[in-house]
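Going letter by letter, the sequence shown gives residues 27 to 506 in the working numbering.
Even glycine gets a Cβ: it sits at the ideal position worked out from N, Cα and C.
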Amino acid sequence: PVLDVKMLNIEKLPPTKIDFSLLKKLNVLPYKIVQNTLYIATADPLDLNTVEEIKFLSQCSIETRLAPYDEIKRKLSLLSKSDQPTNTTHIEHHGPMDEKIVQLINEIIEKAIHQSASDIHFEVYEKYCRIRFRLDGFLTQISSFETTLAPKISVRLKIMSKLDIAEKRLPQDGRIKIDWSHLKKSIDMRVSSCPTLWGEKIVLRLLENNEHIRSLQDLSFNTKQYDDFLTAIKKPQGIILVTGPTGSGKTVSLYAALKTLNTSDKNILTVEDPVEINLPGINQVHINIKAGLTFPIALRAFLRQDPDIIMIGEIRDRETAEIAIKAAQTGHLVLATLHTNSAFDTINRLKNMGIEPYNLASAITLVTAQRLARKLCSTCKIQKVIPASVAKTLDLPQDTQAFFANGCDKCNQGYKGRVAIHEIVPLSDTLQTDIFQENSNRLLREHAKQQHIFDLQASGIEKIKQGVLSIDEFYRVVQS
27 PVLDVKMLNI EKLPPTKIDF SLLKKLNVLP YKIVQNTLYI ATADPLDLNT VEEIKFLSQC
87 SIETRLAPYD EIKRKLSLLS KSDQPTNTTH IEHHGPMDEK IVQLINEIIE KAIHQSASDI
147 HFEVYEKYCR IRFRLDGFLT QISSFETTLA PKISVRLKIM SKLDIAEKRL PQDGRIKIDW
207 SHLKKSIDMR VSSCPTLWGE KIVLRLLENN EHIRSLQDLS FNTKQYDDFL TAIKKPQGII
267 LVTGPTGSGK TVSLYAALKT LNTSDKNILT VEDPVEINLP GINQVHINIK AGLTFPIALR
327 AFLRQDPDII MIGEIRDRET AEIAIKAAQT GHLVLATLHT NSAFDTINRL KNMGIEPYNL
387 ASAITLVTAQ RLARKLCSTC KIQKVIPASV AKTLDLPQDT QAFFANGCDK CNQGYKGRVA
447 IHEIVPLSDT LQTDIFQENS NRLLREHAKQ QHIFDLQASG IEKIKQGVLS IDEFYRVVQS
């Protein structure tokens, strides 16, 4: 039967733990509580996600009663003008179901930390839900659970990240920071929710804190690459471009450079989307498109802030590129990332944006391209002779030996951790002339090779010889 909401006495409505603004968004009216059962009026009793949220937040069993949408809305409106029985400003959970969910989520996050996962995926399907970790660049299923837990997990994660728990139709972004004394560390996570067919998919990106920012020595450079990179970032002006596909470690390289440059006599400003890691002593700006704060607007403000060093999270358009060029030409050091496949493709990408070759030649001091590959497990890797056809392709002597993935209890699949493969190109006078004259990439590469610059293939082969990179990973990451 349909509940007559108009007959409900406002003064006799029961108090609950649920925030009143949430009830208005869900258009749900709690009207009676008997023992531990909460009765609610709703226009859609079959909306199980809403029912689960109310159950989770109230810590009560739920009984639904059908009522007209407009009547519920009108009663809630009247209630908002009177003393609200739901006056809890924020929800603290102590019920048995909440403790189970809190414990489950904490265990998942701790497990991800111990396994050095970069991301945690909570996914909902018709008949099951699953949790996957991204380990060394690959997604691996960790566990599955019943679909009834999905709304509870979603609500808990949204509360932790200060997202709107009533909004299930649109994507949301948030952040979680946890100080865990038993782990003796603070955990910073970026949170993304996205509505899917069977519920919300939530991804947690585990971020490094400032204590774990890598140094330049940790970036897998060879000696020449390290010297070239360090020389470039120590210059007072010019642009350093770090390029590569998504997930290739570009931000890690930039942060390592900033860690080296971060001294009390330098004014360093960064503009990022989003800010990945909090860097004490560095002025970081988070892009906010809705508020009108874009890369170009932030960069123009930086130029009036007496900067020494500017870091740009990504050059995405001509306007950003032009301001970066201007900053470099007027005595500032600029570090930025760009999505290109190789160091020399970067020049063409910027020219396609409309940047004149003479500006590129005068402003850019160094370009890098990089990839991240899975690192061979040092415990179980095995040494074998490379097949003759592979040796010929890689221009290696016949009967050359290399290490291959095997698999053990410590790594499972033969890999543990990741190693970076770099192409570091300092722009010499010859290369600057090539850019100014718009010479081909082929000629640029020939001149770079004459300067003993390792391209990605040469750097990858060097890692194979060192026993840290498998041939399979070389082909997957470099040759693809």
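Selection from the options that minimises the alpha carbon distance to residue i
i, options, result
"Leu364", "Glu298, Thr222, Arg201 and Asn385", "Glu298"
"Leu83", "Leu325, Glu125 and Leu102", "Glu125"
"Ile168", "Phe148, Asn62 and Asp334", "Phe148"
"Ala347", "Gly380, Leu329, Leu469 and Ala369", "Gly380"
"Leu20", "Ser103, Asp435, Met337 and Leu245", "The chain is shown from 27 up to 506; residue 20 falls before or after that span and cannot be answered."
"Ser525", "Leu165, Leu55, Thr166 and Gly443", "Missing from the structure shown is residue 525; the chain here goes from 27 to 506 and no further."
"Phe159", "Ser170, Lys153, Lys377 and Tyr151", "Ser170"
"Leu34", "Phe46, Thr42 and Pro56", "Pro56"
"Leu267", "Thr394, Lys188, Pro306 and Thr222", "Thr394"
"Val503", "Gly163, Val77, Asn467 and Lys418", "Gly163"
"Arg240", "Asp199, Met215, Leu196 and Thr286", "Thr286"
"Pro177", "Leu74, Ser218, Glu97 and Trp206", "Leu74"
"Pro271", "Ala446, Gln458 and Lys32", "Ala446"
"Thr391", "Ile213, Ala258 and His478", "Ala258"
"Glu89", "Lys101, Glu97, Leu72 and Leu105", "Leu72"
"Leu189", "Lys32, Glu172, Ser218 and Ser212", "Ser218"
"Ala46", "Lys32, Tyr65, Leu105 and Lys81", "Here the sequence assigns Phe to residue 46, which means Ala is not the residue at that position. It is Leu105 whose Cα lies nearest to the Cα of Phe46."
"Tyr281", "Phe328, Leu376 and Leu242", "Leu242"
"Leu495", "Ile315, Ser454 and Lys407", "Lys407"
Sub-8 Å separation of residue i and residue j beta-carbons
i, j, result
"Phe480", "Asn293", "no"
"Ala354", "Phe462", "no"
"Arg400", "Glu488", "no"
"Gly275", "Gln409", "no"
"Ile146", "Leu233", "no"
"Asn590", "Cys86", "Any question about residue 590 goes unanswered here, given that the chain covers just 27 to 506."
"Lys99", "Ala192", "no"
"Gln310", "Thr296", "yes"
"Gly440", "Leu402", "yes"
"Ala362", "Ala350", "yes"
"Ala93", "Val150", "no"
"Gly273", "Leu175", "no"
"Ile425", "Val411", "According to the sequence shown, residue 425 is Asp rather than Ile. In this structure, Val411 lies closer than 8 Å to Asp425 by Cβ."
"Ile204", "Ser187", "no"
"Lys250", "Pro221", "no"
"Ile179", "Ile131", "yes"
"His478", "Leu457", "no"
"Thr366", "Thr277", "no"
"Thr173", "Cys155", "yes"
Opposing strand residues paired with residue i [DSSP bridges]
i, result
"Ala446", "Leu398"
"Gly225", "Thr222"
"Leu55", "Ala67"
"Val360", "Ile265 and Ile336"
"Val311", "Val297"
"Ala428", "Lys410"
"Phe171", "Cys155"
"Pro452", "Leu392"
"Lys211", "Trp206"
Residue i, buried or exposed, once every other Cβ within 10 Å from all chains shown has been counted against 16
i, result
"Gly357", "exposed"
"Pro423", "exposed"
"Lys38", "exposed"
"Asn385", "buried"
"Ile44", "buried"
"Val8", "For the chain, the structure presents residues 27 to 506; residue 8 sits outside this window and is missing."
"Asn113", "Because the pLDDT of Asn113 is 37, which lies under 50, any placement of that residue in the model is unreliable, and the number read from its coordinates should be weighed accordingly. It is exposed - the Cβ of Asn113 has fewer than 16 other Cβ atoms within 10 Å."
"Glu302", "buried"
"Ser485", "buried"
"Glu464", "exposed"
"Thr76", "buried"
"Pro41", "exposed"
"Glu79", "buried"
"Gln331", "exposed"
"Glu226", "buried"
"Lys153", "exposed"
"Asp199", "exposed"
"Pro333", "buried"
"Asp460", "buried"
"Gly339", "buried"
"His448", "buried"
"Ile36", "exposed"
For residue j and residue i, believed in contact at Cβ under 8 Å, the rounded distance
i, j, result
"Phe429", "Gly493", "5 Å"
"Pro452", "Asp254", "5 Å"
"Lys69", "Tyr95", "According to the sequence provided, residue 69 is Ala. The question's Lys does not apply to it. Their Cβ separation, rounded to whole angstroms, is 4 Å, which keeps Ala69 and Tyr95 in contact under 8 Å."
"Leu305", "Asn236", "6 Å"
"Ile336", "Val360", "5 Å"
"Leu183", "Ile228", "5 Å"
"Thr405", "Lys377", "That belief does not hold up - the Cβ atoms of Thr405 and Lys377 are roughly 48 Å apart, past 8 Å."
"Glu97", "Lys137", "Glu97 to Lys137, Cβ: 47 Å. No contact."
Any non-hydrogen atom of the ligand FAD closer than 7 Å to residue i Cβ
i, result
"Ala317", "This structure lacks the ligand FAD; in fact it carries no ligand of any kind."
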